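These notes are about the structure you will find just below.
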Amino acid sequence: MKIVSAKIHEVVLPLRRPFITGFGTIRNKPELIVELITEDGLHGYGESPALPDPTYTSEFIDSCLAVQEKFILPSVVGKEFSSIQEYVEQYAHVVGNQIAKCGAECAFWHLLAEKNHVSLSELLHGTQQSIEVGESIGIGERPNTVVKDAELLLKKGFRRIKLKVKPGWDEEPLQKLREKMPDVVLSIDCNATYDPTQHIDLLASFERFNLSMIEQPFPASDILGHATLQSLIKTPVCLDESIQSLDDLKTAVALKACKIVNIKPGRVGGLLESLTIEKYAIDHDLQVWCGGMLETGIGRAFNMALASRAAFTLPADMSPSSSVYMDDVVDDGLTLRSDGYIDISAKPGLGYDVNLEKLNKYTTRTVIIG
Ligand code: OSB
Ligand code: MG
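Under numbering that gives the first Met the number 0, the first residue of the sequence shown is numbered 0, with each subsequent residue one higher.
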């Protein structure tokens, strides 16, 4: 397939309500939608689910756009590729910048699915027809509100509750939740807000809440800190921010820093690295699940395909965009079944129809390459 041009659409979608985590508050979510156009007139879309600020990893929306515009897309436009490996080879010299790479890579996966008339799930050898999903509850002000939020989510069908926490917003809401719902699958995501020199005992005491995992308590580069915590507790430590590449996972495995890995195509640079990380994790007896970064229906399509693989046994962060956003750039986004599962799209191509009118409506910047 010969790529004749590429477009970057920066879109900003308003959230239904602010998403508050240890790294800050998001009210409007930017995304870069990368569109590749081939000589045969095929259009492939991918998404870079960047954040407004460099608070989750070092990337943010403007850095992603700059790296795509200056380095990644000029290296592929005007060239012909017969495989995804050949395509990513063009920009393999670009260090890091995983979120930027993800959008560019996924757009080519979409082209492969279109050309071969297969679904993304088939392309990735997914075997599950539907997947179990959960939703995150952001940091709040009153523990009682958290209980109400959780009850609402369970009523909608979600199968597990993930509570965003930070120092000072942890024991009280957890206590309240556990009193009301002793058996629900409950996990916490700390988004790197705890300090291993101060909070190891506190986090270890959370064993009493019977959590399914403690996600990313310490800063991304402190894999050793996570290993110390994991050696003290039975509750699985799950790494998110710390695993930006296979090499990070090798270090985590060598140090026994976690039992679970949250795999997000955005954070690790796309689906190829996601698959590599999945294999290494499974070969080393870790469990994996598919996280999210508040993608639109486009980004979620790739996450869903990844999560349809047999190794993805834990509920995914895949709340339908309709529960996160006021609107979406696809027409027929994910729909939660009342049993808490979402069906994997079997349609050839992306699996969801991109609504060009809406894409234009929410576009704040467009860059054309080629
Ligand atoms: O830590 O999982 C995270 C969103 C942006 C950045 C980091 C995280 C998240 C989420 C969103 O938790 C979950 C979702 O996409 O549904
Ligand atoms: Mg996380």
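By construction, the Cβ of each residue, glycine as well, lies at the ideal position given by its N, Cα and C atoms.
The structure displayed is predicted, hence computed values, not measured ones.
C-beta atoms of Y44 and I367 nearer than 7 Å: At a Cβ-Cβ threshold of 7 Å, Y44 and I367 do not count as neighbours.
CB of L245 within 7 Å of CB of Y279, strictly: Taking 7 Å as the Cβ cut-off, L245 and Y279 qualify as a contacting pair.
Beta bridge counterpart(s) of L335 as assigned by DSSP: Beta-bridge annotation (DSSP): L335 is paired with I341.
Alpha-carbon to alpha-carbon, L349 and E113: So the alpha carbons of these two residues sit roughly 8 Å apart.
A300 vs E277 beta-carbon contact at 7 Å: No, they are not a contact pair.
Given D342 as reference, the closest of S4, S118 and P53 once Cα atoms are compared: Across the set S4, S118 and P53, the C-alpha of S118 shows the shortest separation from the C-alpha of D342.
Proximity winner among E38, D330 and G102, relative to E79 (alpha-carbon distances): Cα-wise, what sits closest to E79 is E38.
Reduced DSSP secondary structure (H/G/I, E/B, other) of L12: Judged by DSSP in its simplified three-state form, L12 adopts strand.
Chain-order list of residues whose beta-carbon lies under 6 Å from that of V66 (same chain, five-residue window excluded): Short of 6 Å from the beta carbon of V66, and not among the five residues preceding or following it, lie these beta carbons of its own chain, in chain order: N96 and A99.
Distance CB(L378)-CB(F217) smaller than 7 Å: The requested residue 378 does not occur in the structure, where the chain is confined to residues 0 to 369.
N- and C-terminal bounds of the beta strand (DSSP E) containing C237: Segment V236 to L238, the beta strand (DSSP E) holding C237.
Spatially closest choice to P142 from R158, R266, E131 and D169, by CA coordinates: The candidate whose alpha carbon is nearest that of P142 is D169.
Neighbour-count burial assignment, V353, 16 or more Cβ in a 10 Å radius: With 16 or more other Cβ atoms inside 10 Å of its own Cβ, V353 counts as buried.
Alpha-carbon to alpha-carbon, A49 and S192: One detail in the question is off: residue 192 reads as Thr in this sequence, not Ser. The straight-line gap from Cα to Cα measures roughly 20 Å.
8 Å CB neighbourhood of R15 in its chain, flanking five on each side removed: Counting only Cβ-Cβ distances below 8 Å, and skipping sequence neighbours, we find S322, V323, Y324 and M325.
Simplified DSSP assignment, three categories, for E113: In the three-state DSSP reduction, E113 falls in the helix class (H, G or I).
Check whether A256 and A219 have beta carbons under 7 Å apart: A distance of 7 Å or more separates the beta carbons of A256 and A219.
Cα-Cα separation, N190 to L293: So the two alpha carbons sit approximately 15 Å from each other.
Selected residue, minimal CA-CA separation from F107, among I36, D182 and T126: Measuring from the Cα of F107, the nearest candidate turns out to be I36.
Any non-hydrogen atom of ligand 1 closer than 6 Å to G23 Cβ: Short note on G23: C-beta not closer than 6 Å to any heavy atom of ligand 1.
Under 6 Å, CB to nearest heavy atom of ligand 1: contacting residues: Working through the chain, the matches are Y55, S135, D188, N190, D239, G290, G291, M292, L293, D316 and S318.
F18 (DSSP reduced to helix, strand or coil): Note: F18 maps to strand in three-state DSSP.
Closest by C-alpha distance to L270, when choosing among L152, T363 and V87: Closest option to L270, Cα to Cα, is V87.
Residue range of the unbroken alpha helix (DSSP H) whose run includes D194: Counting along the chain, D194 falls outside any alpha helix (DSSP H), and DSSP gives it neither H nor E.
As assigned by DSSP and simplified to three states, the class of V353: In the structure shown, V353 sits in a strand (DSSP, three-state: E or B).
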